[in-house]
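Q:
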Amino acid sequence: MFKIFFRPLPLLLCAAAWLTVTLAKTPFPASLVYESPTGQFLECLAIRPNGHLLITSVVSPTLYTLDPRASPPTLNELHTFPNATALNGIVEYANDTFAVVVSLLSVQTISAPLDSVVIWSVDFTPNNSSSEFSTRPLARIPSSPFTNGITAVPGHPDLLLAADSRLGVAWEVNVRTGTTRIAVADETMEPGFDAVLQIGLDGIRAHDDGFLYFTNAVKGLFARVSRTHRAPVEVLGTERAVIGGGENGTDVVYDDFVFDERGRAVVAFGGGEVRRFSKQRGAQGKEKWVQEVIAESSLLAGATAVAFGRGGDGEKKLVYATTTLGRVVVVDMS
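Next comes the structure, spelled out in structure tokens:
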């Protein structure tokens, strides 16, 4: 049984590893892959083994696909989910099989009616049906008003963790039984009652180092907490959130993120940047985390999510990003 504990409030926090940001000596170039003619809000993305992008939107119940190597790349409708208005997080939890957060989320109220959040599976593995993929509901989260990011859990193929941005908790989802429960809760995950934008816990990733990493949008935090034993939350980096302060009213906040092969976190930052958090050894061998801007471009304004390319050796050095302004952007890290 996977051991994630429920964390009572409040808790003492470890001091932030550092509070400043450096610019990489040579920031990586960003280029446009696709731009929605309507500026449709693109929320999250995952990449299939064949290199095709799967993209969600909070203003549509349709899952989209895009081949970045096509000429020109186009955003194509793949599947529209029933009883829904929005799609949020998406993650590969088995080979070419993805979990998607589906709900009746309203972008005006930034909440969904209770009992409307459902985690669906989209399976592209070969099957006996005539279609190229199959879909099925995995679990319902009846008490969640806003499920956002989602992550698989290394070593636990039946489990997912889903971020509730309004409640500030991580839901454990069992894809085999369909059961859900609150697995982790901490005040660092909450938006705060007086926050203009009620989006706390946002991006979420369970890493194979035993930690659950997460971002808090309005509190401007990148942090982690142990998944296996009781310990304080470690705040690894901070940045003041500016709601509506970016290009065309975009929010300047930490959002979704991924890890590279060296265990460094690559984070979408709404201020037109991709940032990277790296663990280093400081004085007397003490561990510290360093935050740097590795890509900076107006194309990245309103960046919401990032994912590394797949399908070939050259793709592994490419970071794809989605934005609230309807762009898909690629950052070449080669």
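Under mature numbering (1 follows the signal peptide of the UniProt record, and there is no 0), the residues of the sequence shown are numbered -24 to -1, 1 to 310, in order.
Ideal Cβ placement from N, Cα and C applies to all residues, glycine included.
Quick check on Glu68: does DSSP put it in helix, strand or coil?
A: Taking the first residue of the sequence shown as 1, we reach residue 68 at position 92. Strand at Glu68.
Q: For Leu177, which of Glu166, Asp184, Val266 and His183 has the nearest alpha-carbon?
A: Indexing the sequence shown from 1 puts residue 177 at position 201. Residue Glu166 is the option with its Cα nearest to Leu177.
Q: Taking 8 Å as the threshold (C-beta atoms), are Ala75 and Ile66 in contact?
A: Residue 66 sits at position 90 when you count from the first residue of the sequence shown. Residue 75 sits at position 99 when you count from the first residue of the sequence shown. Contact: yes.
Q: Going by alpha carbons, who is nearest to Ala128 out of Leu136, Phe122 and Pro121?
A: As a first step, residue 128 is located in the sequence shown; it is residue number 152 there, counting from the start. For Ala128, the nearest C-alpha among the options comes from Leu136.
Q: Kindly identify the DSSP beta-bridge partner or partners of Ile23.
A: Working through the sequence shown from its first residue, we reach residue 23 at position 47. According to DSSP, Ile23 bridges with Leu29.
Q: Find out if the Cβ-Cβ distance for the pair Thr191, Asp140 is shorter than 8 Å.
A: As a position in the sequence shown, residue 191 is number 215, starting the count at 1. As a position in the sequence shown, residue 140 is number 164, starting the count at 1. Taking 8 Å as the Cβ cut-off, Thr191 and Asp140 do not qualify as a contacting pair.
Q: What's the call for Asp185, buried or exposed, on a 16-neighbour Cβ count within 10 Å?
A: Translated into positions along the sequence shown, residue 185 becomes position 209. Result: exposed.
Q: Taking C-beta to C-beta, are Val228 and Val234 nearer than 8 Å?
A: If you number the sequence shown from 1, residue 228 lands on position 252. If you number the sequence shown from 1, residue 234 lands on position 258. No, these two residues do not count as a Cβ contact at 8 Å.
Q: Where DSSP assigns a beta bridge to Thr38, which residues make up the other side?
A: In the sequence shown, residue 38 corresponds to position 62, counting from 1. According to DSSP, Thr38 bridges with Thr56.
Q: Check whether the Cβ atoms of Ile219 and Leu276 sit closer than 8 Å, and answer yes or no.
A: As a first step, residue 219 is located in the sequence shown; it is residue number 243 there, counting from the start. As a first step, residue 276 is located in the sequence shown; it is residue number 300 there, counting from the start. Not a contact, by the Cβ cut-off of 8 Å.
Q: If we count the other Cβ atoms within 10 Å of its Cβ and call it buried at 16 or more, is Asn124 buried or exposed?
A: Locating residue 124 in the sequence shown gives position 148, where the first residue counts as 1. Its Cβ being crowded by 16 or more others within 10 Å, Asn124 is buried.
Q: Excluding the 5 residues flanking Ala271 on each side, which residues of the same chain have their C-beta closer than 7 Å to its C-beta?
A: Position 295 of the sequence shown, counting from 1, holds the residue named residue 271. If we look at Ala271 and ignore the five residues flanking it on each side, its Cβ neighbours are Pro3, Phe4, Ala6, Glu249, Val250 and Val307.
Q: Classify Glu148: buried if its beta carbon has 16 or more other beta carbons within 10 angstroms, exposed otherwise.
A: As a working mapping, residue 148 is identified with position 172 in the sequence shown. Its Cβ being crowded by 16 or more others within 10 Å, Glu148 is buried.
Q: When you compare only the Cα positions, how much space is there between Ala(-9) and Glu108?
A: As a working mapping, residue -9 is identified with position 16 in the sequence shown. As a working mapping, residue 108 is identified with position 132 in the sequence shown. In this predicted model, Ala(-9) has a pLDDT of only 43, less than 50, meaning its place in the structure is not dependable; the value taken from the coordinates is given anyway. For Ala(-9) and Glu108, the distance between alpha carbons rounds to 47 Å.
Q: Run through DSSP, which three-state label would Glu223 get?
A: Reading the sequence shown from its first residue, position 247 is the one you call residue 223. In the structure shown, Glu223 sits in a helix (DSSP, three-state: H, G or I).
Q: Tell me which residues share the same chain as Arg203 and place their Cβ nearer than 7 Å to its Cβ, disregarding the 5 neighbours each side in the sequence.
A: Residue numbering aside, residue 203 sits at position 227 when the sequence shown is read from its first letter. Closer than 7 Å at the Cβ level, and outside the excluded window around Arg203, lie Ile(-21), Ala182, Gly186, Phe187 and Leu188.
Q: Determine, using beta carbons only, whether Glu19 and Asn64 come nearer to each other than 8 Å.
A: Start at 1 with the first residue of the sequence shown, and residue 19 comes out as number 43. Start at 1 with the first residue of the sequence shown, and residue 64 comes out as number 88. A contact, by the Cβ cut-off of 8 Å.
Q: Output the boundary residues of the beta strand (DSSP E) element that contains Arg157.
A: Against the sequence shown, residue 157 aligns to sequence position 181. Here the beta strand (DSSP E) through Arg157 covers Thr156 to Ala161.
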